[in-house]
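This report refers to the structure that appears directly beneath it.
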Amino acid sequence: MQTPLDAIHERLGATMTSFAGWQMPLRYGSETTEHLAVRRAAGLFDLSHMGEIAVTGPDAGAALDYALTGQISAVPPGRARYTMICAEDGGVLDDLVVYRQGKQEFLVIANASNTATVFGALTDRAAGYDAAVVDATQDYALIAVQGPAAAGILAPLAQLDPADPQLPELGAMKYYAGAFGTVAGREAWVARTGYTGEDGFEVYTRPQDAEHVWTALTAGGSGAGLVPAGLAARDTLRLEAGMPLYGNELGPDVTPFEAGLGRVVKFDKPGEFVGREALAARASAGPSRHLAGLTIESRRIARHGYPVLADGRTCGTVTSGAPSPTLGVPIAMAYLDRPPASLAGAVLAVGIRGEAVPADLTDLPFYSRRR
Amino acid sequence: MSVPAELHYTPEHEWVSVEGTSASVGITDYAAQQLGDVVYVSLPSLGATVTAGEPCGEVESVKSVSDLYSPVDGEVTEVNTELEDDPSLVNAEPYTAGWMFRVRVAQDGNGDAALPTDLLSAAEYEELTKSAG
Numbered sequence: 001m002q003t004p005l006d007a008i009h010e011r012l013g014a015t016m017t018s019f020a021g022w023q024m025p026l027r028y029g030s031e032t033t034e035h036l037a038v039r040r041a042a043g044l045f046d047l048s049h050m051g052e053i054a055v056t057g058p059d060a061g062a063a064l065d066y067a068l069t070g071q072i073s074a075v076p077p078g079r080a081r082y083t084m085i086c087a088e089d090g091g092v093l094d095d096l097v098v099y100r101q102g103k104q105e106f107l108v109i110a111n112a113s114n115t116a117t118v119f120g121a122l123t124d125r126a127a128g129y130d131a132a133v134v135d136a137t138q139d140y141a142l143i144a145v146q147g148p149a150a151a152g153i154l155a156p157l158a159q160l161d162p163a164d165p166q167l168p169e170l171g172a173m174k175y176y177a178g179a180f181g182t183v184a185g186r187e188a189w190v191a192r193t194g195y196t197g198e199d200g201f202e203v204y205t206r207p208q209d210a211e212h213v214w215t216a217l218t219a220g221g222s223g224a225g226l227v228p229a230g231l232a233a234r235d236t237l238r239l240e241a242g243m244p245l246y247g248n249e250l251g252p253d254v255t256p257f258e259a260g261l262g263r264v265v266k267f268d269k270p271g272e273f274v275g276r277e278a279l280a281a282r283a284s285a286g287p288s289r290h291l292a293g294l295t296i297e298s299r300r301i302a303r304h305g306y307p308v309l310a311d312g313r314t315c316g317t318v319t320s321g322a323p324s325p326t327l328g329v330p331i332a333m334a335y336l337d338r339p340p341a342s343l344a345g346a347v348l349a350v351g352i353r354g355e356a357v358p359a360d361l362t363d364l365p366f367y368s369r370r371r
Numbered sequence: 372m373s374v375p376a377e378l379h380y381t382p383e384h385e386w387v388s389v390e391g392t393s394a395s396v397g398i399t400d401y402a403a404q405q406l407g408d409v410v411y412v413s414l415p416s417l418g419a420t421v422t423a424g425e426p427c428g429e430v431e432s433v434k435s436v437s438d439l440y441s442p443v444d445g446e447v448t449e450v451n452t453e454l455e456d457d458p459s460l461v462n463a464e465p466y467t468a469g470w471m472f473r474v475r476v477a478q479d480g481n482g483d484a485a486l487p488t489d490l491l492s493a494a495e496y497e498e499l500t501k502s503a504g
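Order-wise, the sequence lines are chains A and B.
Numbering-wise (our numbering), the first sequence opens with residue 1 and increments by one.
Numbering-wise (our numbering), the second sequence opens with residue 372 and increments by one.
Structural data, given as structure tokens:
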């Protein structure tokens, strides 16, 4: 499938890649340059492959409380929540952002590779509730503006709902908030969310408006250093920010506790939810694996699946690895079979194609923006 | 994308430049663009014997790691140590500052460098990259 911005990517000479059935821009030029632009100014991303699932109706909040790990019914309209959908055995089916767009209207954002799974699970789990579940992925294009300059670039182009006097100006919008409005005159849901570790916004528009919005943002942002950025930069940005990627740090064989994200499981919410029993057992037993951060003492990259060695013996597996443009060294996240603190004093390495390359444990995230 | 006319090429996207019996080797502009930003290059050792079509090193980019194949037979006489500190030269100047290693190749009956017969011309290589999309 092509996103509504495909012609623009071609015009920009993007290197395209196939991802979850979508043709997506991997990079436009140098992914390192794109990464640094997001850290220092701003980047423009086409994320139209992401899944949008609308859950609406009088019981929509209650249905999501049952279906997901978070207490979604407690999210006020105009706010967003990072949450997960788990299987009965506590394994993660996907990590999600849920926007509450109105009293009875929620928009669930799924990873592209999991949209069908999440839609199917939500449909099943909402069956007993007065709520409609609709896969609205084809109704949206998603354009993200990420970086310290994002608010300044988007503000002159954005008009949040003038009928709602409660809404702040764009620059005063809280992180993990969202509002209906217009961008470059086109209807949009504008949210202060992202996956880069920077301030930024995600603009959900109609597909037919995507080119217009992209072009307006490009024109408005070029003076501020905005550049188009591809999925390669998005991956290194999220890795520096210590954010998990489904398929790497998250999967059906992992509970939120292994990923260090047990906080997304709200045991004290009213009512039952899918996976509660298994997750409660995992919460009391402690995680079976531990997500840790590594820096590599080489230019070589510790990639997904490479073994982590403590004093020459395997103690874990790399889940994600890349050069860190911000730190100037390769970084990696890995699951270890013991708590990182117990490895103090051990000689750590990553097995990179047969060679033990020295590595050091480090706290996650690798990078935090100054607030 | 540039494909200098005077060079020889391989289907694995190496280029070869020959002066006397010294063959300089690198990867093509097309390959560098496909790989993305190169972050690490592992080169054969000085004095090592390399064989045409056999892996003799690695080129690692942000997203992938690929074998580097020798396009010729011979002995490695020089490697580009600049790439240790600045592997991005492979992206910036793949045919000049981004060269990787030099090989002394055998002479043929006429005293010229004996090159594998299946090396591609610039036109043939350009055709190959076009059909690859």
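Glycine is no exception: its CB is placed at the ideal position from the N, C-alpha and C atoms.
Small disclaimer: the values here were computed from a predicted structure and weren't measured.
Secondary structure of residue 153(A) (DSSP, three-state): helix. Residues are counted here when their Cβ sits less than 8 Å from a Cβ of chain A; for the segment 395-411 of chain B these are 404, 405, 407, 408, 410, 411, given in chain order.
One Cα belongs to residue 87(A), the other to residue 115(A), and the distance between them is close to 15 Å. Membership of residue 32(A) in any beta strand (DSSP E) is not indicated; the residue belongs instead to the alpha helix (DSSP H) covering 31-40. Around the beta carbon of residue 347(A), a 10 Å sphere encloses fewer than 16 other beta carbons of the protein chains shown; the residue is thus reported as exposed.
The three-state secondary structure of residue 301(A), taken from DSSP, is coil. Assigned with DSSP and collapsed to three states, residue 379(B) falls in strand.
Among the residues of chain A, none has a CB under 9 Å from the CB of residue 495(B); the nearest is roughly 23 Å distant. In this structure, DSSP gives residue 290(A) an extended state, which the three-state scheme calls strand.
Rounded to whole angstroms, the separation of the alpha carbons of residue 332(A) and residue 161(A) is 42 Å. In the three-state scheme derived from DSSP, where H, G and I count as helix and E and B as strand, residue 231(A) is classed as helix. The bridge partners DSSP lists for residue 394(B) are 389(B), 474(B). Per the Cβ contact rule, the segment 302-318 of chain A is not in contact with the segment 261-276 of chain A (fewer than 3 Cβ pairs under 8 Å). The beta carbon of residue 415(B) sits no closer than 8 Å to any beta carbon of chain A. C-alpha of residue 450(B) to C-alpha of residue 236(A): approximately 30 Å in a straight line. Listed by position along chain A, the residues whose Cβ is nearer than 7 Å to that of residue 425(B) form an empty set, because the closest Cβ is around 17 Å away. The segment 146-161 of chain A and the segment 183-203 of chain A touch, with three or more beta-carbon pairs separated by less than 8 Å. The segment 452-459 of chain B makes no contact with the segment 484-494 of chain B; the number of CB pairs closer than 8 Å stays below 3. Nearest in C-alpha terms to residue 404(B), of all of 427(B), 396(B), 379(B), 463(B), is 463(B). Distance check between residue 425(B) and each of 376(B), 441(B), 396(B), 412(B) places 441(B) closest, using alpha-carbon atoms only. The same chain holds no residue with a CB closer than 6 Å to that of residue 11(A) once the five nearest residues on each side in sequence are set aside. By the Cβ test, the segment 88-96 of chain A is in contact with the segment 116-127 of chain A, since at least three Cβ pairs between them sit closer than 8 Å. Of all residues in the segment 300-332 of chain A, only 300, 301, 303, 322, 323, 330 place a beta-carbon less than 8 Å from a beta-carbon of chain B.
Chain B places no beta carbon closer than 8 Å to that of residue 368(A), leaving this residue out of the contacts.
The way I'd put it, the segment 14-23 of chain A doesn't touch the segment 66-82 of chain A; fewer than three beta-carbon pairs between them come closer than 8 Å. Every unbroken stretch of the alpha helix (DSSP H) spanning 4 or more residues and falling wholly within the segment 421-493 of chain B is given here in chain order: 453-456, 460-463.
Residues of chain B whose Cβ lies closer than 8 Å to the Cβ of residue 232(A) are, in chain order, 407, 433, 434.
For residue 27(A), the residues of chain B that pass the 7 Å Cβ criterion are 407, in the order they occur in the chain.
Between residue 465(B) and chain A, the shortest Cβ-Cβ separation is not below 8 Å. Assigned with DSSP and collapsed to three states, residue 162(A) falls in coil, not helix or strand.
Closest option to residue 49(A), judged by alpha-carbon separation, among 141(A), 63(A), 213(A): 141(A).
The CB of residue 32(A) comes closer than 9 Å to the CB of 407, 408, 410, 433, 459 in chain B, given here in chain order. Taking C-beta atoms as the reference points, residue 40(A) and residue 77(A) fail to come closer than 8 Å. Inter-residue distance for residue 178(A) and residue 192(A) is about 6 Å (C-alpha atoms, whole angstroms). Around the beta carbon of residue 102(A), fewer than 16 other beta carbons sit within 10 angstroms, so the residue counts as exposed. Between the C-alpha atoms of residue 290(A) and residue 107(A) there is a straight-line separation of about 31 Å.
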